[in-house]
Structure formats: C-alpha cells, structure tokens
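Chemist:
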Amino acid sequence: MHILFVVPGWPRDSFWDVLCFKFPPLALATLAGLTPRRHRLSYVDESLAPVDFDLGPDLVVISAMTPLAPRGYEIADAFRARGAKVVIGGIHASNLPEEAGRHADAVVVGEADEIWPEILADAERGRLKPLYRQAAYTRMDRVPAADRGIYPRKGYFFENMIQTTRGCPYRCEFCTVTAFFGGTYRCRPVERILEEVAALRRAPGYVFFCDDNLIARRDHVLRLLDGLRGHRLRWVCQAPVTLAKDDDLLRRMAEAGCHGVFIGFESLRPENIEVMGKRHNKVEFYEEAVHRIHDHGIGVHGSFVFGYDHDTPAVFDQFLDFAHRTALDGAFLPVLTPFPGTRIHRRLKAEGRILTEDWRRYDMATVVYRPRGMSVAELQEGFWKVNAGFYSLGSTLRRLFRPSGLRRRSHIIFMPMNFGHIPAVRKARRAFTPTPEAA
1 MHILFVVPGW PRDSFWDVLC FKFPPLALAT LAGLTPRRHR LSYVDESLAP
51 VDFDLGPDLV VISAMTPLAP RGYEIADAFR ARGAKVVIGG IHASNLPEEA
101 GRHADAVVVG EADEIWPEIL ADAERGRLKP LYRQAAYTRM DRVPAADRGI
151 YPRKGYFFEN MIQTTRGCPY RCEFCTVTAF FGGTYRCRPV ERILEEVAAL
201 RRAPGYVFFC DDNLIARRDH VLRLLDGLRG HRLRWVCQAP VTLAKDDDLL
251 RRMAEAGCHG VFIGFESLRP ENIEVMGKRH NKVEFYEEAV HRIHDHGIGV
301 HGSFVFGYDH DTPAVFDQFL DFAHRTALDG AFLPVLTPFP GTRIHRRLKA
351 EGRILTEDWR RYDMATVVYR PRGMSVAELQ EGFWKVNAGF YSLGSTLRRL
401 FRPSGLRRRS HIIFMPMNFG HIPAVRKARR AFTPTPEAA
C-alpha cells in the first residue's frame with residue numbers, strides 16, 4: 001500500500017502558524033517505524049508544505065490535536081472523495097471518536113502502537129473497522145525507534161525528538177496527558193533509548209526528550225544519564241519544578257549534556273495551583289528553583305497558564321516581574337484552554353462558562369471561556385501583553401545578557417528562540433481574530 005501520514009496545518013490567523021519553530025509529530029514517525037518495508041510511505045506537514053491531494057495514496061493517516069482537527073477533517077473528506085481510506089487518531093479523536101468518525105473510515109482511540117499491525121492488515125483487505133482501541137496500554141519495550149526518514153530534510157526546530165517514558169504521575173485539571181494515557185507512567189528500556197540515540201541521522205543539533213516528565217522514575221533517569229554521558233549529546237527535556245530540589249540529579253543532567261528544561265510552573269497564585277490539582281508546585285520555591293537550575297548551566301523554559309479563576313489583570317505584570325528577576329530563559333505563555341476530555345472542560349461546561357466549541361479557536365491563544373477574575377477582553381489583551389512583553393528586545397537582553405547569564409551554555413538554543421519570537425508575536429497579533437466577546 002501507499003500510506004500517507006498527514007499533519008494538518010494551523011489556521012492562518014493562528015498565533016502558532018507564524019512561529020518559525022516547528023516540531024515534528026513523534027507518534028507518526030513511530031508508526032512509520034512499525035510499518036513493514038513493503039509499504040510505500042509518504043509524509044506531509046502542512047506547516048511546512050501544502051498537501052498534494054492528487055498523490056493517490058491507498059491509506060491516509062491523520063493525527064491532529066484539537067485546534068487542528070477541523071482542518072484534519074477537511075483533508076480527510078478530500079481524500080475520501082478521491083477514493084482513499086482514512087484513519088484518524090490522536091488526542092482529539094480519542095476524546096471525540098464519534099465526531100472524528102464522521103470524516104474517517106476508522107478512528108483510533110488512545111495509543112496505536114500495538115494495534116497498528118491489525119489496522120494495516122484490515123486496510124489491505126479492504127475491511128477497516130470503524131473503531132480501534134488497544135486492549136491495554138502499550139508495553140514500552142515494544143516501542144521501536146521512530147522512523148525519522150519520513151520527515152523533510154529541513155523545517156523542524158527539533159527533528160531529534162525521543163520519548164523515554166509515557167504518561168505523568170500527576171493529575172492536573174487542565175492537562176490532556178492523563179486524559180490520553182490514563183494514570184500510567186511507563187518507561188522504555190534504557191538500552192533501547194541509547195540505541196536510538198546512537199542511530200540518530202543528524203547528530204549535530206539538539207535532542208528533545210519529549211516525555212511529559214522525564215524524572216518521575218529516578219532510577220530510570222539515572223541509568224539513562226549514565227548512558228548519555230558517552231554520547232556527547234546536547235539535549236533538553238521536560239520536568240517538574242521539584243527537579244530543582246535534587247542537586248545531585250541536576251549535576252548529573254548537566255554532565256550528560258542537558259542544556260535546558262521545560263517546567264510547568266503554571267501560575268504565580270497558590271490558589272490557582274490548588275484548583276489545578278498541581279500541589280507539588282510550591283509558588284514560594286519558584287524563584288529559588290530557577291536560580292538552582294541556572295547554577296548548573298541549564299536554561300529554564302517556563303510554562304505559565306493565564307486565566308485561571310484567581311487570576312486578575314495584575315497577573316501579567318506580576319509574571320513579567322518574575323521573569324526578569326529570575327532571568328527566565330524562555331516561556332510558553334498560553335491562555336487557559338479547556339480541551340475536550342479534560343476535567344477543566346467538564347467543569348467550565350457545567351458552570352456554563354464555555355463560549356464556543358469551534359475547535360479552531362482552541363489554539364491556546366484565543367479566549368474560549370468566561371474567566372472569573374477579569375473580562376474576556378481583559379484576558380485576551382493580557383495574553384498579547386504578556387507575550388509581547390516577554391518576547392521583546394528589551395526583555396530578551398535583560399534576561400539573557402546579564403552577567404550571571406552569559407555563562408550559561410543554554411544560550412545556544414535560547415537566544416535564537418527568543419529573537420525568533422520577537423517578530424513572530426508582532427505578526428501573529430496583526431493576523432489574529434478574537435472571539436466576539438473579546439473584540
């Protein structure tokens with residue numbers, strides 16, 4: 001069969017469409033790694049190239065998160081009209097399989113690794129089932145190395161993404177990870193991970209260990225770090241703020257080549273942290289945590305979600321003050337987005353606060369619900385204020401070029417990221433169309 005893997009593109013007025021830092025979908029490359037070589041594989045990511053609807057695939061596989069789902073459905077409908085069979089999966093389809101099923105011959109709910117051979121066999125026989133769901137979560141010793149050969153030669157900020165674990169031990173109200181992976185935290189064998197590291201096609205550049213929480217199993221991550229030391233790798237990862245309490249682990253991460261860590265701080269208000277269910281986050285420790293991580297030469301990319309129930313319009317300046325005091329290297333600064341399948345979506349819907357279920361608006365930049373501590377318009381304007389304020393020339397120079405910061409080796413990644421965001425935020429705001437309530 002000719003199998004086409006498709007990643008739908010962002011809407012043209014989306015904040016994220018204009019960003020120059022694109023990330024490849026590891027799930028599709030993993031499925032490619034599981035596909036027998038007798039099949040011909042093609043791949044298109046609409047953020048990099050247009051879809052060729054005359055390509056003539058036998059099977060089209062689409063994976064889309066919530067804001068990309070409507071475009072994914074358009075692509076699916078167009079290929080089905082041309083006679084191709086379509087399979088749709090991913091977090092959004094897993095939460096709304098009936099919706100996705102209106103545009104596909106088959107929908108995959110949850111992980112697909114262990115059921116992929118059955119899907120291929122059914123497609124070859126022309127007998128795809130409407131719904132596929134694994135009987136159990138994927139055994140991580142069965143996950144192959146991703147086939148990065150399907151990716152285009154240029155276009156991705158991190159091509160070398162590796163997953164060493166799946167799931168997260170925490171249960172944050174707003175997070176889609178638990179909704180997709182359940183309450184499991186599973187580790188790949190360290191030997192398999194190191195084999196994948198050794199076989200990377202483009203060793204220069206960075207590796208992104210894209211686990212939602214790399215350090216939840218300390219014994220596992222210590223074995224991994226011991227193995228990474230011999231590879232002279234430069235890498236970044238995601239971890240909770242509690243990482244900063246483990247000086248020995250930070251030292252080992254730095255010795256193994258860690259240049260940056262993405263941390264979900266989420267809020268500067270303890271009341272919000274309590275509502276989120278992220279009680280391991282202690283706001284009073286945040287500033288010390290950033291300094292401790294910096295002391296090891298590791299940069300900090302912080303995530304802060306705006307619009308939780310105890311946020312007021314003052315929160316945006318409070319964040320910028322924090323970012324400058326701590327010399328935060330980078331930041332992901334979305335508005336709270338109640339994705340379907342999450343507890344926050346169910347709560348806000350029950351409270352009558354959801355403004356729209358136009359999934360294209362669920363892009364983490366558009367206010368799609370009614371906040372408590374400010375108006376819709378104030379939250380929407382605050383989103384642009386905080387992103388433009390953080391990703392400005394003055395803020396970037398202040399955060400990255402203070403004397404203590406010049407020693408951090410992480411600048412090799414955070415300088416282009418910051419300078420790339422400065423024009424992107426301006427361009428995105430010009431193209432942005434708010435919900436009527438925020439206009």
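Just so you know, we're using full-length UniProt numbering here: the sequence shown kicks off at 1 and counts up by one. All C-beta atoms, glycine included, are put in the ideal place defined by N, C-alpha and C.
With burial defined as no fewer than 16 other Cβ atoms inside 10 Å of the residue's Cβ, what is the status of residue 135: buried or exposed?
Modeler: The residue in question, residue 135, is exposed, as its Cβ has fewer than 16 Cβ neighbours within 10 Å.
Chemist: For residue 328, which residues in the same chain have their Cβ closer than 7 Å to its Cβ, ignoring the five residues on either side in sequence?
Modeler: Within the same chain, residue 328 has close Cβ partners 290, 300, 302 and 399.
Chemist: Going by beta carbon distance, what residues of the same chain come within less than 8 Å of residue 52, once the five residues before and after it are set aside?
Modeler: So the list reads 44, once near-sequence residues are dropped.
Chemist: Can you tell me which of 38, 397, 27 and 381 puts its alpha carbon nearest to the alpha carbon of residue 430?
Modeler: Per the Cα distances, 381.
Chemist: Alpha carbon to alpha carbon, what distance is there between residue 390 and residue 416?
Modeler: Taking the straight line joining both Cα atoms gives about 14 Å.
Chemist: Measure the beta-carbon distance from residue 130 to residue 100 and round it to whole angstroms, keeping in mind my assumption that it falls under 8 Å.
Modeler: Contact flag wrong, Cβ pair sits at about 10 Å.
Chemist: Kindly indicate the opening and closing residues of the beta strand (DSSP E) around residue 266.
Modeler: That run of the beta strand (DSSP E) goes 258-266.
Chemist: Helix, strand or coil: how does DSSP classify residue 291 here?
Modeler: Residue 291: helix per DSSP, three-state reduction.
Chemist: Cutting at 7 Å between CB atoms, please list the residues of its own chain near residue 221, excluding the five before and the five after it.
Modeler: If we look at residue 221 and ignore the five residues flanking it on each side, its Cβ neighbours are 214 and 215.
Chemist: Going along the chain, which unbroken runs of the beta strand (DSSP E) with 3 or more residues stay wholly within the stretch 33-63?
Modeler: Entirely contained in the stretch 33-63, the beta strand (DSSP E) runs reaching 3 residues are, in chain order, 40-45 and 59-63.
Chemist: Any idea what DSSP makes of residue 415, helix, strand or coil?
Modeler: It is helical.
Chemist: Going by beta-carbon coordinates alone, are residue 306 and residue 315 separated by less than 8 Å?
Modeler: Against a cut-off of 8 Å, the Cβ pair of residue 315 and residue 306 comes out as a contact.
Chemist: I'd like to know if the stretch 341-359 and the stretch 161-180 are in contact, where contact means that at least 3 CB-CB pairs between them fall below 8 Å.
Modeler: Yes, they touch.
Chemist: Measuring CA to CA, which of 360, 338 and 359 is closest to residue 350?
Modeler: The option with the nearest alpha carbon to residue 350 is 338.
Chemist: Classify residue 436: buried if its beta carbon has 16 or more other beta carbons within 10 angstroms, exposed otherwise.
Modeler: Answer is exposed; the Cβ neighbour count stays below 16.
Chemist: If I follow the unbroken alpha helix (DSSP H) through residue 228, where does it start and stop?
Modeler: First-last of the alpha helix (DSSP H) with residue 228: 218-228.
Chemist: Could you check where the beta strand (DSSP E) with residue 304 kicks off and where it finishes?
Modeler: Note, residue 304: beta strand (DSSP E), 299-304.
Chemist: Should residue 151 and residue 57 be called a contact, given that it needs their Cβ atoms to be closer than 8 Å?
Modeler: In this structure, residue 57 does not lie closer than 8 Å to residue 151 by Cβ.
Chemist: Alpha carbon to alpha carbon, how far is residue 128 from residue 206?
Modeler: About 39 Å.
Chemist: Mark residue 412 as exposed unless 16 or more other C-beta atoms lie within 10 angstroms of its C-beta, in which case mark it buried.
Modeler: By the 10 Å Cβ count, residue 412 comes out exposed.
Chemist: Which residue spans inside the stretch 344-422 form an unbroken alpha helix (DSSP H) run of at least 4?
Modeler: Qualifying alpha helix (DSSP H) stretches, in chain order: 376-390 and 393-400.
Chemist: Check each candidate in 79, 261, 108 and 240 and name the one with the smallest Cα separation from residue 90.
Modeler: Checking every option, the nearest Cα to that of residue 90 belongs to 108.
Chemist: Whose C-beta lies closer than 7 Å to the C-beta of residue 55 among residues of the same chain, with five residues either side of it excluded?
Modeler: Correct list, in chain order: 4 and 42.
Chemist: Alpha carbon to alpha carbon, how far is residue 225 from residue 257?
Modeler: Their backbone Cα atoms lie some 9 Å apart in a straight line.
Chemist: Give me, in chain order, the residues of the same chain whose beta-carbon lies closer than 8 Å to that of residue 325; leave out the 5 immediate sequence neighbours on both sides.
Modeler: Once the five neighbours on either side are set aside, the close Cβ partners of residue 325 are 287.
Chemist: Taking the beta carbon of residue 121 as the centre, do at least 16 other beta carbons fall within 10 Å, making it buried, or is it exposed?
Modeler: Looking at its Cβ environment, which holds fewer than 16 other Cβ atoms inside 10 Å, residue 121 is exposed.
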